[in-house]
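Below is one structure, written out as structure tokens; comments come after it.
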Amino acid sequence: MIEFGALSYAIVGVFYAGLSILLLTSWRGRHLGGYLIAACVMSTLWGFTLAVSTLDSAVPALAVFSIEVLRGGAWLTFLVMLVSKIGVGRPIRYVAHAVWLAVLLGGFALWFGRDYFDPAISMGSIMIPGGLAISLVGLLLIEQLYRNSPPEARWGIKALALGLGGLFAYDLFLYSQGVLFSAIDATTWMARGTVNMMFVPLIALAARRNPDWDLNIFVSRHVVFYSTSLVAIGIYLLLMSLGGYALLLYGGTWGGLARAVFFVGAVLVLLILLFSSTLRARFKVFLSKHFFHNKYDYREEWLRLIAALSAFEDRSTRQVVIKALAQIVGSPSGILWVLSDKEQAYQLASTYHAPDAAPTIPLDDPLIAFMKEQEWLIDLQEYALEPKHYGDLALPGWLQQFVDAWLVVPLIIRHELVGLIMLTRAPGPPKLNYEDRDLLKTVGNHIAVHLAQEKTDSLLAEAQQFEAYNRLTAFLMHDLNNLIAQQSLIVENAEKHKRNPDFVDDAIE
0 MIEFGALSYA IVGVFYAGLS ILLLTSWRGR HLGGYLIAAC VMSTLWGFTL AVSTLDSAVP
60 ALAVFSIEVL RGGAWLTFLV MLVSKIGVGR PIRYVAHAVW LAVLLGGFAL WFGRDYFDPA
120 ISMGSIMIPG GLAISLVGLL LIEQLYRNSP PEARWGIKAL ALGLGGLFAY DLFLYSQGVL
180 FSAIDATTWM ARGTVNMMFV PLIALAARRN PDWDLNIFVS RHVVFYSTSL VAIGIYLLLM
240 SLGGYALLLY GGTWGGLARA VFFVGAVLVL LILLFSSTLR ARFKVFLSKH FFHNKYDYRE
300 EWLRLIAALS AFEDRSTRQV VIKALAQIVG SPSGILWVLS DKEQAYQLAS TYHAPDAAPT
360 IPLDDPLIAF MKEQEWLIDL QEYALEPKHY GDLALPGWLQ QFVDAWLVVP LIIRHELVGL
420 IMLTRAPGPP KLNYEDRDLL KTVGNHIAVH LAQEKTDSLL AEAQQFEAYN RLTAFLMHDL
480 NNLIAQQSLI VENAEKHKRN PDFVDDAIE
């Protein structure tokens with residue numbers, strides 16, 4: 000248990016150290032950002048100090064006490080600066096500073112003047128009620144901050160309220176137990192590092208959501224996804240370990256066997272969840288919805304589209320275009336039709352993880368007419384539930400034969416439909432919002448430009464070939480005319496000079 004506690008405090012120290020570095024590299028000198036950085040740095044020292052003190056009892060109690068109070072005081076100071084911006088009265092701000100400073104000074108007085116105090120009074124006698132008071136004031140400041148913030152600003156501070164609220168709430172629980180039982184519970188103290196680790200991403204998210212703190216940090220969606228996944232996996236494994244320990248402790252003679260079966264089953268469930276594309280898709284949607292302003296990282300989507308279109312060299316690489324569009328919504332496959340001027344119909348151009356057999360779509364198809372007129376993408380799942388959203392559109396029979404069909408995206412340039420892409424159903428939540436539709440339509444327009452450019456390049460190459468052929472033909476005709484003229488001259492003079500040896504020699508040569 001001691002090793003687990005030390006490891007948990009060390010890990011939370013690493014988390015806070017990473018956040019501190021991220022904030023320092025993004026800081027532009029504003030006061031609020033500076034107070035947040037100071038609180039994160041103090042939390043970093045707090046995590047490492049408690050990790051060492053858990054393993055080494057020789058660490059002075061004053062060091063543990065001081066770092067505990069300074070860490071709480073740093074967060075209180077940051078909250079005081081936040082509530083002062085929204086007009087919260089001065090008394091509560093003065094009380095917040097007075098509490099943690101009084102606790103700190105009381106601890107120093109007890110440590111350095113211990114010869115003058117009752118030996119029964121320890122540092123814990125100050126730390127437990129002092130920690131309880133700091134926690135209460137912290138929760139009070141968070142309540143004042145959230146309640147007095149305008150409704151439109153609460154979205155930005157919600158993550159901070161959850162992060163710091165959870166931090167102070169756990170400390171309140173810890174020190175309340177200490178007050179009731181006159182001692183801090185060892186298990187609760189050891190688990191404190193792991194619990195605090197879960198609040199660090201929320202604090203980082205709060206800094207990301209509040210540019211007025213002048214911390215213009217960028218949190219990658221991939222980092223959020225994978226770091227959150229790792230934290231979730233860690234919590235899952237921790238809970239499974241506690242469950243296995245309980246089985247071993249209370250399972251009697253079958254405890255060891257039950258724990259082994261339990262662990263194998265737990266790991267199997269974890270692997271199934273990790274390899275579930277549906278779960279990953281839903282998790283990404285949850286993160287995008289609750290952790291970011293926009294559902295998509297448009298910079299990443301744009302760069303990925305550019306990379307795909309850069310490989311757009313010939314007909315065999317058209318499937319990268321389908322793939323680029325499919326990846327936006329997580330579709331596993333798709334089919335591309337392109338307008339053929341020769342056939343006056345939309346013909347199969349390429350497929351991506353789909354059968355190569357697809358019907359030719361005539362120009363008078365109702366789906367083609369609808370997309371030309373409205374320039375809308377068609378959500379077939381929405382059409383099945385609310386067909387009135389699409390007016391009088393009647394789906395053609397050829398489209399209904401694709402049982403997994405989900406979206407039909409028009410490829411339009413200058414109000415001309417140059418092609419269309421059908422995508423199959425994604426494993427995640429199928430409902431689209433305006434952001435999905437706008438991005439798919441914009442990407443479709445860019446793909447249409449490249450298809451039109453490819454067609455123009457093909458026509459130009461064909462015209463150049465015709466020009467070269469015409470030049471070659473002109474040269475050949477000129478040489479043939481000269482040859483025929485020479486032969487005609489020989490034939491005309493043959494009767495007259497056929498017995499002249501010199502004429503015969505010249506004709507043969």
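Heads up, the sequence shown is in numbering that gives the first Met the number 0, so the first residue is 0 and it goes up one at a time.
Ideal placement from N, C-alpha and C gives every residue a C-beta, glycine not left out.
In the three-state scheme derived from DSSP, where H, G and I count as helix and E and B as strand, M421 is classed as strand. Cβ-Cβ distances below 7 Å link V51 to V58 in the same chain, with the five nearest sequence neighbours on each side left out; the list follows chain order.
The three-state reading of DSSP puts S349 in strand, counting E and B together.
When DSSP states are grouped into helix, strand and coil, D378 belongs to the strand group. Sorting L338, D363 and F198 by C-alpha distance to the C-alpha of E453 places L338 at the top.
In chain order, L304 and A307 place their CB closer than 6 Å to the CB of A323, counting only its own chain and leaving out the 5 sequence neighbours on each side.
In this structure, S134 lies away from L103, with their beta-carbon atoms at least 8 Å apart.
Going by DSSP, A404 is part of the beta strand (DSSP E) stretching over A404 to I412.
Nearest neighbour of E2 by Cα position, chosen from W188, I367, T455 and A160, turns out to be W188. Between L35 and L23, the CB-CB gap reaches or exceeds 8 Å. By the neighbour-count criterion, in which 16 or more other beta carbons inside 10 Å mark a residue as buried, G390 falls on the exposed side. Nearest Cα to G137 within the set V63, L159, S124 and G155: L159. Under the rule that a run must span 4 or more residues, the alpha helix (DSSP H) segments found entirely inside the region 28-77 read 30-54. By the criterion of at least three beta-carbon pairs nearer than 8 Å, the region 420-427 is in contact with the region 319-334.
Where G333 is concerned, the enclosing beta strand (DSSP E) starts and stops at G333 to S339. Around the beta-carbon of I483, fewer than 16 other beta-carbon atoms lie within 10 Å, marking it exposed. E415 carries a strand assignment under DSSP once its states are collapsed to helix, strand and coil.
Sequence-distant partners of T350 (beyond 5 residues in either direction) whose C-beta falls short of 8 Å from its own C-beta, in its chain, are Q318, I321, S332, G333, I334, L335 and A357. DSSP, reduced to helix, strand and coil, places A205 within a helical segment of the structure shown. Going by DSSP, R191 is part of the alpha helix (DSSP H) stretching over A185 to M196. The Cβ atoms of G192 and G46 lie closer than 8 Å to each other. Here T359 has A344 and Q346 as same chain residues with Cβ atoms under 6 Å from its own Cβ, once five neighbours each way along the sequence are excluded.
Partner residues in the beta bridge of A344, as assigned by DSSP, are S339 and P361.
Taken atom to atom, the span from the alpha-carbon of I412 to that of N444 is near 6 Å. For the region 128-186, there is no continuous beta strand (DSSP E) assignment of 3+ residues that stays within its boundaries. Inclusion of L406 and V417 in the CB contact set at 8 Å is not warranted, their separation being larger than that value. In the DSSP annotation of this structure, the continuous segment of the alpha helix (DSSP H) that includes K322 starts and ends at Q318 to V328.
R470 sits in a helix when the DSSP states are folded into three classes. Going by beta carbons, A73 and A16 fall outside the 8 Å limit. Using a Cβ distance threshold of 8 Å, A95 and L54 do not count as a contacting pair. Relative to F401, the option among V40, P354 and V13 whose CA is nearest is P354. By the criterion of a C-beta distance shorter than 7 Å, S42 is surrounded in its chain by Y15 and R70, once the five residues flanking it on both sides are discounted.
Inter-residue distance for L398 and E434 is about 25 Å (C-alpha atoms, whole angstroms). Within the same chain, Cβ atoms closer than 7 Å to the Cβ of P365 are found at L392, A393 and P395, the five residues on either side in sequence being excluded. Here V68 is not near T48, since their CB atoms are 8 Å or more apart.
Judged by DSSP secondary structure, G390 falls outside any alpha helix (DSSP H); it is assigned neither H nor E.
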